[in-house]
Every structure is written in C-alpha cells, then in structure tokens.
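Chains as they are written, first to last, in full-length UniProt numbering: chain A, 1 to 417; chain B, 1 to 417. Think of the CB as a built atom: it goes at the ideal place given N, C-alpha and C, for glycine as much as any other residue.
Number of protein chains: 2
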Amino acid sequence: MNSSSITEIARQSRLAARQLAPASDAQRNLALAKMAEALQAVRAQVLATNAEEVAKARAAGQTEAMVKRLTIDDKMFDYMLSRLKKVAQLPDPLNRILTGHTNPAGLRVYKKSVPLGVIGMIYESRPNVTTDAAGVCIKSGNAVILRGGSEALQTNAVLTDAMVAGAVVAGLPQHAIQIVRRPGHEAVGELLQQDQYIDVLIPRGGKSLIKRIAEGTRIPVIKHYDGICHLYLAADAEPDKAVALAVNSKCQSVQVCNALETLLVDAECAERLLPLLDEAFTENGIELRGCEETLKILPGIAAATEEDWSSEYLAPILSVKIVAGIQQAIDHINHYGSGHTDGIVTQSLSLVRQFEEQVDSASVMVNASTRLSGGGDYGLGSVVGISTDKLHVRGPVGPEGLTTYKWVAVGDGHLRD
Amino acid sequence: MNSSSITEIARQSRLAARQLAPASDAQRNLALAKMAEALQAVRAQVLATNAEEVAKARAAGQTEAMVKRLTIDDKMFDYMLSRLKKVAQLPDPLNRILTGHTNPAGLRVYKKSVPLGVIGMIYESRPNVTTDAAGVCIKSGNAVILRGGSEALQTNAVLTDAMVAGAVVAGLPQHAIQIVRRPGHEAVGELLQQDQYIDVLIPRGGKSLIKRIAEGTRIPVIKHYDGICHLYLAADAEPDKAVALAVNSKCQSVQVCNALETLLVDAECAERLLPLLDEAFTENGIELRGCEETLKILPGIAAATEEDWSSEYLAPILSVKIVAGIQQAIDHINHYGSGHTDGIVTQSLSLVRQFEEQVDSASVMVNASTRLSGGGDYGLGSVVGISTDKLHVRGPVGPEGLTTYKWVAVGDGHLRD
Numbered sequence: 001m002n003s004s005s006i007t008e009i010a011r012q013s014r015l016a017a018r019q020l021a022p023a024s025d026a027q028r029n030l031a032l033a034k035m036a037e038a039l040q041a042v043r044a045q046v047l048a049t050n051a052e053e054v055a056k057a058r059a060a061g062q063t064e065a066m067v068k069r070l071t072i073d074d075k076m077f078d079y080m081l082s083r084l085k086k087v088a089q090l091p092d093p094l095n096r097i098l099t100g101h102t103n104p105a106g107l108r109v110y111k112k113s114v115p116l117g118v119i120g121m122i123y124e125s126r127p128n129v130t131t132d133a134a135g136v137c138i139k140s141g142n143a144v145i146l147r148g149g150s151e152a153l154q155t156n157a158v159l160t161d162a163m164v165a166g167a168v169v170a171g172l173p174q175h176a177i178q179i180v181r182r183p184g185h186e187a188v189g190e191l192l193q194q195d196q197y198i199d200v201l202i203p204r205g206g207k208s209l210i211k212r213i214a215e216g217t218r219i220p221v222i223k224h225y226d227g228i229c230h231l232y233l234a235a236d237a238e239p240d241k242a243v244a245l246a247v248n249s250k251c252q253s254v255q256v257c258n259a260l261e262t263l264l265v266d267a268e269c270a271e272r273l274l275p276l277l278d279e280a281f282t283e284n285g286i287e288l289r290g291c292e293e294t295l296k297i298l299p300g301i302a303a304a305t306e307e308d309w310s311s312e313y314l315a316p317i318l319s320v321k322i323v324a325g326i327q328q329a330i331d332h333i334n335h336y337g338s339g340h341t342d343g344i345v346t347q348s349l350s351l352v353r354q355f356e357e358q359v360d361s362a363s364v365m366v367n368a369s370t371r372l373s374g375g376g377d378y379g380l381g382s383v384v385g386i387s388t389d390k391l392h393v394r395g396p397v398g399p400e401g402l403t404t405y406k407w408v409a410v411g412d413g414h415l416r417d
Numbered sequence: 001m002n003s004s005s006i007t008e009i010a011r012q013s014r015l016a017a018r019q020l021a022p023a024s025d026a027q028r029n030l031a032l033a034k035m036a037e038a039l040q041a042v043r044a045q046v047l048a049t050n051a052e053e054v055a056k057a058r059a060a061g062q063t064e065a066m067v068k069r070l071t072i073d074d075k076m077f078d079y080m081l082s083r084l085k086k087v088a089q090l091p092d093p094l095n096r097i098l099t100g101h102t103n104p105a106g107l108r109v110y111k112k113s114v115p116l117g118v119i120g121m122i123y124e125s126r127p128n129v130t131t132d133a134a135g136v137c138i139k140s141g142n143a144v145i146l147r148g149g150s151e152a153l154q155t156n157a158v159l160t161d162a163m164v165a166g167a168v169v170a171g172l173p174q175h176a177i178q179i180v181r182r183p184g185h186e187a188v189g190e191l192l193q194q195d196q197y198i199d200v201l202i203p204r205g206g207k208s209l210i211k212r213i214a215e216g217t218r219i220p221v222i223k224h225y226d227g228i229c230h231l232y233l234a235a236d237a238e239p240d241k242a243v244a245l246a247v248n249s250k251c252q253s254v255q256v257c258n259a260l261e262t263l264l265v266d267a268e269c270a271e272r273l274l275p276l277l278d279e280a281f282t283e284n285g286i287e288l289r290g291c292e293e294t295l296k297i298l299p300g301i302a303a304a305t306e307e308d309w310s311s312e313y314l315a316p317i318l319s320v321k322i323v324a325g326i327q328q329a330i331d332h333i334n335h336y337g338s339g340h341t342d343g344i345v346t347q348s349l350s351l352v353r354q355f356e357e358q359v360d361s362a363s364v365m366v367n368a369s370t371r372l373s374g375g376g377d378y379g380l381g382s383v384v385g386i387s388t389d390k391l392h393v394r395g396p397v398g399p400e401g402l403t404t405y406k407w408v409a410v411g412d413g414h415l416r417d
C-alpha cells in the first residue's frame, strides 16, 4: 500500500458518511444485528487468529497484563456481541428535534441531531474496541475508520471484515466501516492529515499516545486522559459503607481510569475510620501513603509526597489525606484531580449539594463506587471511551456523543429587513 | 504590566468561575439588569471615549468600513443594552437535567448542564462584542476574559468597568468579567498559554486571526470561519420569491458571513429566471460571474473560474451556476461550501427533505434568506458568534453553547461486582 491509500480510505469514508446519514434507525439497528450474526459466524476464525497473535505477543516477551488485554476468549467474544445488541436497543440519537421556535415574523426554526460524519478511532491492543466503536458509530449514523494496535491487526481485520459483510447485507454502504491494515506509525501520521475527510479523532490508550495525536493534527480530538479519582469520606460517613466503597473503588480493578487514587478523610471521622481502612486495604494488598495528619493515626504507613497527590498510580497504591471539612476536600479535588470521577460518602443532603455543585468533574459519585462511572451503568449501552474534555462530550462517550446538529429554518419567502 | 499579570487575570477568572457556578438564574439575571443600568449611567462617557477612538482611527487612515464597525452611536448603544436585557429573559441554560436513568441495581444517574468555566474572547474592532459576550457568559454562569482590538481599547475598558460594577452590585464576584488592558500581540500570546485556567477561546475576526489562535494554543477553540453560502433555486421556484430571496440573501449586507456567495439555478428554470435575476442584481450593483451554461443565457456577464466556487467574496460579486437537478446542487454545496448557511427555494416537500438531510451545513434555509441564519432569528437572544465547527456547538453560539454537563450518580453504598 502506498501513501495515497490512507487518503483513499478517508475519502471513501466521507462518501459513505453521506450515504449513511439518511439511513433510518430501523436500518441501522438491522445492520447492528447482521454485524453480530456475521461475527458469530466467524467466531472460530476470530479465536484462532487471536490465539496466534497472543502467542506471538507472549513470544515477543510482552507483559501478562498486555497479553490479557489482547486476548479474546469465548466469554469476551460473547460480551462483544452482547454490546452490539445492547447499542441497537438504545433510542435513536439522530433526527431528534432538540429545540424549536417560531420567530415573530413566522420563520419556523428547529435544531435537529445529525451524525458527526467520519470518526477515526486510534487505539491500542484491546480488540473489543473494534466492535464497540463500530457499534456506537453505526448506531449514530457515522462512518468509522479503525486503527488498532499492530499486535492485534489480524484479529481486528477478521472482526472488521465480518462486520462490513453484515452491514452490507442490511444495505449500508461498503465503506461505512473500514480498517487501516498497514502497520507502523507512518500510517497513523497520514491519518492525522485527513482533516478534509475526518470529522473527529478518538484516541484510546496511554497518555503519550493521546498527547501525540492531539498535538499532531488539525482534526478535532476527543481526549481520554487520566483519572486521578477521589473519594471523600464526610464526617458522618457510616464506617461499613465507607470502607466498602473505598475498597471497591480502589481494588475492583486498579489499572483503570475510574479506579480510586486518593482517599480524602474528614478530620472528624479520621480516628474512627482510618484503622478500619488500613486493615481492609492491607488485606487487599494496597500500599497506603498518608499525609502528615494521617501518619499520626497510622504511623506504620509511608509518607505521601507532593507528587503523590497528582499521581494516577494505576497500581495497588493509594494516597490518603485528612481534610478539615468538605470545602478543603472540594478544593483539593479541583486542584489536584483530573476532572474524571470523584465521589462523596455521606447522608447529608446539604453536603451532597455542595459537593455536586462545586466539584468540577465529569462524574460525581454519591455513596457509590468510583468504578460505577461509565457507559454501562449510565445507560449508554456501549461507549467508545470516557472523555476528559469539557467541550462537546464529557464522561462516557456513547452514540449521542458522536452526533452534532443542524439548524433548519423554514419560511415562505422570509427576508431580512 | 508584566507577563505575570495575564496569568494573574486568568487565575482570578478561574477562582471567579468557581464562585459563579452556584449562582442562581435570578442572581445572574439581576446582574445582567444591573450591568445594563451601570452602562446606561456611563452612556455619555462611552460615547465620548468612543468618539476619541473613532477620530484616532480616522486620523490613522483606517477604512470607512472599519471606522463604521468601531463606532458606537446612541442607536448602537441602545441596541447593546437591549441585548443584555434580552439575554436575561432567556430560559436558564444551567442545571437542566438533560437525561436520567436508574440502573437495574438502583443507582440513580442524571446528567446536568453546568457552565464551561472560563471563556476567553479575542476579537477585533466591534465594541458591541464586549457587552454581547459578557451578557452571554454571565447568563451561562461563566467567567469571561475580554480581549478586544487595540483601536477600541478605551471604549471597551469603560464598558467593562461599568459592567463589573453592575455585576458586583448583584453579588457576583469582582473577577467574573475582566478585560486585558495591555495592547499588542504579546498579551494575546500570553493568553493562549493559560490552558491551566481558560476552558475555551472564542476568536472573532478575520480568518487569519482565527487560524493563528487555533494553531497557537492547547486551549479548545470555538472557531468562526467563513461563510461560502449558497441558495439553490429548484425547478419549481416561484420567480418573484426566488428573485427576492436571492437579492436579499446577497444584498442586505455583503460583508457578513451569512451573505450569499453562489447562486445555484436548476437547469429547468434557468431560462425563465436568469434574465430576471440579472436585472435585479444589476440594479443592486452586484457583479455576476457565471458558469458556461449561465453564459449561454446571460452572455453579457463575466465567466466564473474554478476559484470563484470556493470564494467568500464579502463584496458585491455573486457566482452563478446552472445545475442539473437537486443532487448536483447538493453535491456542489457539500464540495465547495463552508458548511455555514445554505438554502433552497421550492414548494416541494420531498425536495426540502432531501436538501435538509443531505446538505452538511450548520444552517439549512427553506424559502428564507440566508441572512436570517443567526442568534436573533433563532431565538437565542444574544450570541458570541456563529460557529463553523461541528463539535460542541454549531451555528449561532448563545448561552447554551457555553455550557457543558456533569454526570451525577447517586447510590446507597453501590459497589461494582
């Protein structure tokens, strides 16, 4: 393949997007069903191809965590199919009349949701992003260009070929779903140049990948940066619930963006709660790093440095700080946090109100694990990621996050005075 | 002033934004009323200061068009005050519950509109942007940093001081509205560095200004690029209406982004309509440039070149093309247009449907002048501009365009399995 082929892929996507835009919800849902059927028909091929790539990754000395993320077993494959079915069941994000108005002269104006157009997905190893992203894009009437990690290229190609076949059976254009098959950074570089054809890029992966893409393109980027997530245990926090929520937020999975990184404990309940928390986290193999005040109650743990407060560990480490009341907790979160997911444990409605109003984060959790912030629990069915941007889409990015709108003004020869 | 003062302005805006976020709609509306009152009290000072700056601009040999844009007379001042009052009357864009959901485990999730935070407005001469932008920002609970053109610096300073005094009377923070008083490009350059404090930049002015800003900052930018606007006269277009709409779209004001630049005439009505159009445009002093087919009917006009189809003239020139049916019109618009405002003249519902679905533009006008695309006629009260972006906000940018949302999830000890 030569350089022009990436441009050709992008151009074909733009044409496909134009054909896709008027497709009805029924047709898009039919396509999602046919995509799932076509995938089911190549299950054995997907698993075999993936097993080969997993073996190669192992042989190349990749970490067990990376190999795990690369692997599709039967359970994972079922999950991927179920997400396609789930996204089809969502309400149509398109052609909603978002607002309307008749002006004094009788001009009728309305604002209607429409697809963004062409979405470029650039992601690392996890092959389930291939089916998730295609599902969300088709549901929202967008054409998608997929660019997964090289280590999953064959798996992603088999998945994509099946999805394309399914979509075509339902009457969608051939190029509604495309994959970049050329490995290497150069192909990504060319993709970043296609601002004429691509409406938005969504990179999924490490901070450095996202930064490299955001800085290397004129195409708008929906960014998924880190989650430095906090949980604030208010003075009245009920001990059992507080411990369970803190442990679940941190330990249910440590390597994910909505895992807890800093625990804020109100000074009024610190003496009561910290020993219980220490015991629970120790049992779960978590290393605690405390502020000066915390160390007075838990002298056995390590001291947190300034750097700890702005660290996304993605590891079994948790920083702990005692705060003098809710305002200090909110100020700490707004200063050190990443605006991803932050929670409070309390029974006080007025504390909840203050926390919810003042914490400037995509997700505010009240008496709920930070791990519950995400598309599934928010009713979005399937998502392409969790945006840390404030513009356009914030938090989980489902089908609605991939729409824009147009204004339609209907007159009868209306002129401007 | 030194370099750190721009950072200090930005930092103060961030703090003000945090205080402003919980302000009620009543309080924000009161502030808008007090701002208008305070402006009214300094009317004479505004007009005198502006007259000095207008005289300076004239003496410096500025064009009459530029001087006109700079001038505030009593009528313009009344208009500026009326816009502040109008924006106050709009529904509250904040704290709307945009969507909600209870998940099977009983976690209650809702999505609530909130301010973006800190808005940076960078604009050229027109001083009415100062009051319009402040009005839209305060209505939507955002802090704003204003940076107008050097030629209007004193006028803008008087306007801003009055608005700040009014806002403070209503209990809003002192730094909710700020202006950069240091002239020169360097101050703008420093503003572009404040990604730690500023959430979005909105440049208003020429294409080169917008491009320079978009490329020189990591802060998200809401862009206002050119309008290469089209009007398509379908085969059934009623001659009187078609001519009136074409003339109004082009001639009501030629120097604005929603003025007509290319007229598309269906081949079936070209022989009937073109002579009428030629006559009307000639009367209005408009130069026509036609495609080959047009020249066969109007041999007296100039020939359009390929460059004409992608030109935003902002001048009394209009390119004219005969198209073989609606699909060709749509394809021309999607290829050469800028996605700003494009219209159709027809009585056919099915043509309207096709045009509305397939034209990929922020505003689609049906039997209405392209000049009617904008915040006033769309019921937005007051706007900070007309976005040509597809992400976040498209078309006129009113208070709602300056909001984002947060997700709030309320549980009762809900954990992730």
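query	result
The segment 89-108 of chain B touching the segment 45-63 of chain B, judged by at least three CB pairs closer than 8 Å	no
Range covered by the beta strand (DSSP E) that runs through H230 (chain A)	229-233
Minimum Cβ-Cβ distance from residue 486 (chain A) to chain B less than 8 Å	Nothing can be reported for residue 486 (chain A), as the shown portion of chain A is limited to 1 through 417.
Collapsed DSSP secondary structure at N95 (chain B) in the structure displayed	coil
Within chain A, the residues that R18 (chain B) reaches when beta carbons sit closer than 8 Å	N334, Q358, D360
Complete runs of the beta strand (DSSP E) confined to the segment 102-159 of chain A [at least 3 residues]	108-115, 118-123, 143-147
Chain B residues whose Cβ lies nearer than 8 Å to that of H392 (chain A)	L391, H392
Rounded separation between A23 (chain A) and L146 (chain B) - CA only	44 Å
Endpoints, alpha helix (DSSP H) assigned at A176 (chain A)	Counting along the chain, A176 (chain A) falls outside any alpha helix (DSSP H), and DSSP gives it neither H nor E.
Chain A contact residues for M121 (chain B), given Cβ-Cβ distances below 9 Å	The premise fails here: M121 (chain B) is roughly 16 Å from chain A at the closest Cβ pair, so nothing lies under 9 Å.
Where the alpha helix (DSSP H) through V67 (chain A) begins and ends	64-70
Identified DSSP bridge partners for E287 (chain A)	A:I317
Outcome for I202 (chain A) when other beta-carbon atoms lying within 10 angstroms are tallied against a minimum of 16	buried
Classification of N284 (chain A) by the beta-carbon crowding that lies within 10 angstroms, buried from 16 upward	exposed
First through last residue of the beta strand (DSSP E) which encompasses P203 (chain A)	200-204
Three-way DSSP call (helix, strand, coil) for N248 (chain A) in this model	helix
Identity of the residue in B:S13, B:D412, B:S373, B:G398 nearest Y197 (chain B) by Cα	B:S13
Cutoff 8 Å: G395 (chain A) Cβ touching any chain B Cβ	yes
Classification of Q178 (chain A) by the beta-carbon crowding that lies within 10 angstroms, buried from 16 upward	buried
Exposure label - A48 (chain A); buried when at least 16 CB within 10 Å	exposed
Residue range of the unbroken beta strand (DSSP E) whose run includes residue 429 (chain B)	Summary: the structure shown does not reach residue 429 (chain B), with chain B confined to residues 1 through 417, and so no result is reported for it.
Proximity winner among A:P183, A:D132, A:A38, A:V188, relative to V158 (chain A) (alpha-carbon distances)	A:A38
Run of the alpha helix (DSSP H) containing I326 (chain A), from where it starts to where it stops	326-336
Assigned secondary structure, P239 (chain A) (DSSP; H/G/I helix, E/B strand, else coil)	helix
Spatial distance of I219 (chain A) from L192 (chain A) (CA atoms)	7 Å
Alpha-carbon spacing of E287 (chain A) relative to D240 (chain A), whole angstroms	20 Å
Chain-ordered neighbours of T388 (chain B) on chain E, where CB pairs are closer than 9 Å	Absent here is chain E; the protein component of the structure consists of chains A and B.
Under the three-state DSSP convention, the category A88 (chain A) falls into	helix
Enclosing beta strand (DSSP E) for A21 (chain B) [first to last residue]	A21 (chain B) -> no beta strand (DSSP E), and no H or E assigned at all.
Closest residue to S274 (chain A) among A:T305, A:A234, A:V254 (Cα-Cα distance)	Note that residue 274 (chain A) corresponds to Leu in the displayed sequence, not to Ser. Cα-wise, what sits closest to L274 (chain A) is A:A234.
Closer than 8 Å to chain A by CB, H175 (chain B)	no
Cut-off 7 Å between Cβ atoms - residues of its own chain near N156 (chain B), not counting five sequence neighbours on either side	P127, T130, L146, G148, I179
K406 (chain A) - partner residues in DSSP beta bridges	A:K112
Given I322 (chain A) as reference, the closest of A:Q347, A:L264, A:V366 once Cα atoms are compared	A:L264
Nearest neighbour of G117 (chain A), chosen from B:D360, B:I6, B:I228 [CA to CA]	B:D360
Exposure of residue 431 (chain B), with buried meaning 16 or more beta-carbon neighbours within 10 Å	One cannot answer for residue 431 (chain B) here, as it falls past the ends of chain B, which runs 1 to 417.
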